[in-house]
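Quick note on full-length UniProt numbering: the sequence shown kicks off at 1 and runs consecutively. For glycine and all other residues, C-beta sits at the position ideal for the given N, C-alpha and C. No experiment lies behind these values; they were computed from the predicted model shown. Working notes, beginning with the structure itself.
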Amino acid sequence: MPAEDRLGPRELADEGITRLELAPGGDPVAPVAFVDLDRWGPHDPVPVPADEPHRVLIGVAEAPPPDRLSPLLHALAFTLVPAGQGAGGPERVGVADPWATAASVAEYAEAAPRAAVTLAGLLRLTERLPVAEGLTAESLAYSTLLAGPEFAAWRARSPRRPVPSHPEPVLLSREGSLLRVTLNRPQRHNAFSRDVRDGLVEALDLARLDPTITEVELSGKGPSFCSGGDLDEFGTTPDAATAHLIRVRQSAGHAVHRAAGRIRARVHGACIGAGIEVPAFAGRVEATPEACFQLPELRMGLVPGAGGTVSVTRRVGRWRTAYLVLSGAPIDVRTALEWGLVDACEAR
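This is the structure we're talking about:
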């Protein structure tokens with residue numbers, strides 16, 4: 001990693017170093033930089049980056065950061081610390097090798113610099129906005145990136161295939177006051193297609209309007225709860241403005257949020273993208289021991305678009321949400337429980 005991307009007290013205080021710079025064509029220049037927290041001595045000042053567009057600043061520490069650096073850790077996108085130190089607060093992510101992970105994050109995030117910078121700014125909004133307003137902000141950012149060159153490059157590398165139809169993408173069954181809602185595209189690992197989204201929204205509207213339904217159980221058939229958005233449908237809406245309106249109007253995440261106190265999500269296998277963004281709105285999330293969780297949207301030049309910058313942020317904080325997106329790394333049930341992404345681990 002270049003030395004100029006490892007900032008200490010003096011460099012962090014220089015707004016000329018931390019400010020986001022754009023190339024003549026609009027490309028972010030060196031969008032990610034790392035703050036070497038081990039360089040702080042007891043008498044060094046603790047500058048907090050100005051509240052303006054700046055590079056994505058990620059903390060790295062091999063020794064436990066002193067308490068006086070807490071305002072800085074709060075201001076950073078997240079901070080990488082050795083495994084075992086991650087319990088010091090939601091700003092910290094424990095990993096086996098902080099600097100090796102930093103290098104991996106830099107490579108991954110700098111492949112989609114517009115999306116990376118957009119994500120960092122978006123999370124600072126969604127962490128303090130009400131749910132509906134947060135979902136609107138997320139959708140606007142997502143739609144903007146859909147029209148950008150990073151998504152276009154991914155789409156060119158990943159040509160669409162025909163999307164097989166399924167007669168019943170969402171199954172409903174009733175047992176007294178319990179409504180069971182089951183994602184039913186097992187051959188596609190319950191990929192979150194338009195039909196799945198619309199079926200889920202319709203089912204949850206039914207639950208919200210029927211006072212005799214006091215509990216909703218959300219689950220998925222097959223080996224995975226949900227493998228995320230159906231990639232072969234990405235970018236098929238005629239234009240970004242229309243995509244935004246549809247996303248806000250047909251938000252499955254908002255539908256879950258409105259009935260959250262009655263919804264128990266039971267997730268298993270791969271819970272990717274929408275597969276964790278949507279159930280994270282539920283009042284209770286139960287995961288099986290083999291479940292894994294991932295937010296991979298950045299590799300497509302996007303940010304989470306099914307509500308994750310709102311729902312996941314409310315469960316684990318904006319810092320760990322940023323780590324999940326900017327690293328693309330999966331986490332297991334143990335970590336998800338520790339962070340609060342899920343509420344319990346139970347056999348299927």
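| Query | Result |
| --- | --- |
| Start-to-end residues for the beta strand (DSSP E) that takes in residue 34 | 32-36 |
| CB contact flag (residue 191, residue 228, <8 Å) | yes |
| Helix, strand or coil at residue 250 [DSSP, three-state] | coil |
| Where residue 188 falls: helix, strand or coil (DSSP) | helix |
| C-beta atoms of residue 259 and residue 208 nearer than 8 Å | yes |
| Endpoints, the beta strand (DSSP E) within which residue 216 is located | 215-220 |
| Cβ-Cβ distance between residue 433 and residue 113 below 8 Å | No statement about residue 433 is possible, as the shown extent of the chain runs from 1 to 348 and does not include it. |
| Buried/exposed call for residue 85, threshold 16 Cβ in 10 Å | buried |
| Proximity winner among 220, 57, 61, 78, relative to residue 18 (alpha-carbon distances) | 57 |
| Cβ separation of residue 80 and residue 98, assumed to be a contact under 8 Å, to the nearest whole Å | 4 Å |
| Beta-carbon spacing of residue 120, residue 77 below 8 Å | yes |
| Ordered list of beta strand (DSSP E) runs contained in the stretch 61-100, each at least 3 residues | 79-82, 92-95 |
| Under the three-state DSSP convention, the category residue 175 falls into | strand |
| Three or more C-beta pairs below 8 Å linking the stretch 322-334 and the stretch 151-168 | no |
| Short Cβ contact (8 Å threshold) for residue 264 with residue 202 | no |
| For residue 212, three-class secondary structure by DSSP | coil |
| In DSSP terms, what residue 272 is bridged to | 294 |
| Within 8 Å, strictly: CB atoms of residue 143 and residue 240 | yes |
| Nearest neighbour of residue 346, chosen from 307, 269, 295, 306 [CA to CA] | 269 |
| Residue 237 at chain C interface by Cβ criterion, 8 Å | Of the chains in the structure shown, none is chain C; there is only one protein chain. |
| Residue environment, residue 286, which counts as buried when at least 16 other CB atoms sit within 10 Å | buried |
| Inter-residue CB distance, residue 32 and residue 139 (contact presumed, cutoff 8 Å) | Rounded, the Cβ-Cβ distance is 25 Å, inconsistent with contact. |
| Reduced DSSP category for residue 237 - H, G, I as helix; E, B as strand; rest coil | coil |
| Which of helix, strand or coil DSSP assigns to residue 326 | helix |
| Cα-Cα separation, residue 129 to residue 122 | 11 Å |
| Alpha-carbon spacing of residue 205 relative to residue 303, whole angstroms | 27 Å |
| Contact set for residue 219: own chain, Cβ-Cβ below 6 Å, skip 5 residues either direction | 182, 266 |
| Residue burial classification, residue 25 (beta-carbon count within 10 angstroms, cutoff 16) | exposed |
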